[in-house]
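**Student:** Sharing a structure with you now.
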Amino acid sequence: MSDDEDYVYDEDSGEWMSASELAAKRTAESAVEVRDAVGNILADGDQVTLIKDLEVKGAGQTLKQGTLIKSIRLTGDPQEIDCKYPGIKGLVLRAEFVRKR
């Protein structure tokens, strides 16, 4: 920590802290924990498997149970994950229908 760093007052804790410390604290607090159907914590880049058949609205397609989805991305919503799947653009799945692989 350098001596020329700005300090800001954190109203939650009632303490003065460096701007970088406060930014790190707020980032950690805003991190969303996304869990799959069996309670495993999901992260960006994980592979998941569908636990039931899902009809994809707008694509006229059904994804079957056991389908592997590679490289998911978290959206900031604790129940939704962004996925890439061949032939379906902008696929968003609910975390309750997937299991981490």
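Numbering (UniProt numbering), first residue to last: 1 to 101. Positions of the beta carbon are idealized from the N, C-alpha and C atoms, including for glycine.
(1) Distance, Cα to Cα, Q61 vs E55?
(2) Can you check DSSP and say which residues form a bridge with R35?
(3) Unbroken beta strand (DSSP E) runs of length 3 or more, entirely within the UniProt domain "Protein YjdM C-terminal" (34 to 100): which are they?
(4) Would you mind sorting D6 into buried or exposed? The rule is 16 or more other CB atoms within 10 Å of its CB.
(5) Check this for me: beta carbons of residue 103 and D53, under 8 Å apart or not?
(6) Smallest Cα separation from Q65: which of R26, T49, K57?
(7) List the whole-angstrom C-beta distance separating V8 from A19, where the pair is believed to meet the contact cut-off of C-beta under 8 Å.
(8) Going by the DSSP bridge assignment, what does D10 pair with across the sheet?
**Tutor:** On the basis of the data shown:
(1) 6 Å
(2) I41
(3) 48 to 50, 54 to 56, 61 to 63, 80 to 85, 88 to 94, 98 to 100
(4) exposed
(5) In the structure displayed, the chain extends from 1 to 101; residue 103 sits before or after that span and is not available.
(6) T49
(7) 5 Å
(8) E15
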